[in-house]
Structures are given as C-alpha cells and as structure tokens.
Amino acid sequence: MSVELVLWLFSFASVMALVGLTAYQLICLSDLEFDYINPYDSSSRINAVVIIEYALQGVLCASFLLTLNWFPFLVMAPVTYYHVKLYMNRKHLIDVTEIFRQLHGEKKYRMIKLAFYFALFIISIYRFVLNMVLSSEKKAHLGERISLPRC
Numbered sequence: 001m002s003v004e005l006v007l008w009l010f011s012f013a014s015v016m017a018l019v020g021l022t023a024y025q026l027i028c029l030s031d032l033e034f035d036y037i038n039p040y041d042s043s044s045r046i047n048a049v050v051i052i053e054y055a056l057q058g059v060l061c062a063s064f065l066l067t068l069n070w071f072p073f074l075v076m077a078p079v080t081y082y083h084v085k086l087y088m089n090r091k092h093l094i095d096v097t098e099i100f101r102q103l104h105g106e107k108k109y110r111m112i113k114l115a116f117y118f119a120l121f122i123i124s125i126y127r128f129v130l131n132m133v134l135s136s137e138k139k140a141h142l143g144e145r146i147s148l149p150r151c
C-alpha cells in the first residue's frame, strides 16, 4: 500500500472523528439551550473533547505538511493557527458561568467548523478514491508489462 493511500485513509478517519466531535459539541449546546442539561454538565462535556479535537486537527495538518500535500495543508493551516491561538490565550474552554451569554456565538462557531469539516470530508473521500484507482491501475499496468504467468 502506498504512502499516499495510507495518508488519505488516515485523513478520512480523522475527518470523520472531527465531524463527530463537532456534532457532539453542537448536541451538547442544543441540549443546554432547550434545558435538557445543566450548564456544568454541558461545559464539562464540551471541554473534555476540545483538546482531542485540536490535537487531531493539528496532527492531520502536520501530516499534510510532512507529505507535501500543499492544497489540504493550506486549507487546514488557518484553522490550525486559530486553534493554537485560542489554546495559547486560554480561550479554548467554555466557562460555566458565561455559557448562556455565549450560547448563540458558540453554536454559530461550531456550525461553521462543522461545515468546514464536511468540506474536508468531501476532499478526503475524493482523494482517497482517486489514490485507490491510480494505485490499482498502476498495479495492473505493471502486471501487463512484466507479463506474469497465468495458472
């Protein structure tokens, strides 16, 4: 299996996890909005997955940089920079006492991130399938050139 194929398989799995984490955060905020959950539980659940999301997104961005896939890296770099900036300023966690004032903005922020991750999901699927097809064509072409004996 080629490195490109492994990269795009990892990308596919990572983006699926990022979509799931962001959707989970949106569900927690919606539950808080409709008063199904208290602010402490909602903020603790969201804060537990924020670091995982940031780390996974950073690793994915770094893997694109190390494998010299410039387009996905340049797409993900501004979001990674924004996550690093939020983390360094200690604004990545949701405050329990301020969550009701920030609810609308937090939901909007996560909806935008969800749309971004869905776009990455489409790119990942396309590139993964493209690399699978190119890999199988390359193997078929090499098999014809070598003219392997048939049993």
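Numbering-wise (UniProt numbering), the sequence shown opens with residue 1 and increments by one. Think of the CB as a built atom: it goes at the ideal place given N, C-alpha and C, for glycine as much as any other residue. These numbers were taken from a predicted model, which means no experiment stands behind them.
Helix or strand or just coil, what does DSSP make of LEU148?
Caution applies to LEU148, whose pLDDT of 49 falls short of 50 and renders its modelled position unreliable; the value that the coordinates give is listed next. The answer is coil: DSSP assigns LEU148 none of H, G, I, E or B.
Does the distance from the CB of VAL79 to the CB of GLN57 come in under 8 angstroms?
Cβ distance < 8 angstroms, so VAL79 and GLN57 count as in contact.
Are at least three pairs of beta-carbons, each pair with one atom in the stretch 129-137 and one in the stretch 23-36, less than 8 angstroms apart?
Judged by Cβ distances under 8 angstroms, the stretch 129-137 makes no contact with the stretch 23-36, as fewer than three pairs qualify.
Where does ASN69 sit, in a helix, a strand or coil, going by DSSP?
Correct three-state label for ASN69: coil.
With a threshold of 8 angstroms on Cβ separation, who are the neighbours of PHE116 within its own chain once the five nearest residues in sequence on each side are excluded?
By the criterion of a C-beta distance shorter than 8 angstroms, PHE116 is surrounded in its chain by VAL79, once the five residues flanking it on both sides are discounted.
Would you identify the three-state DSSP class for ILE51, choosing helix, strand or coil?
Under the three-state reduction of DSSP, ILE51 is assigned to helix.
Cutoff 8 angstroms; reference PHE118; Cβ partners in own chain excluding five residues on either side
Excluding positions up to five away in sequence, the list reads VAL19.
Among VAL59, LEU26, ALA77 and SER30, the one whose alpha carbon lies nearest that of ALA13:
Closest option to ALA13, judged by alpha-carbon separation, among VAL59, LEU26, ALA77 and SER30: VAL59.
Are the beta-carbon atoms belonging to LEU9 and THR67 less than 8 angstroms from one another?
No. Outside cutoff.
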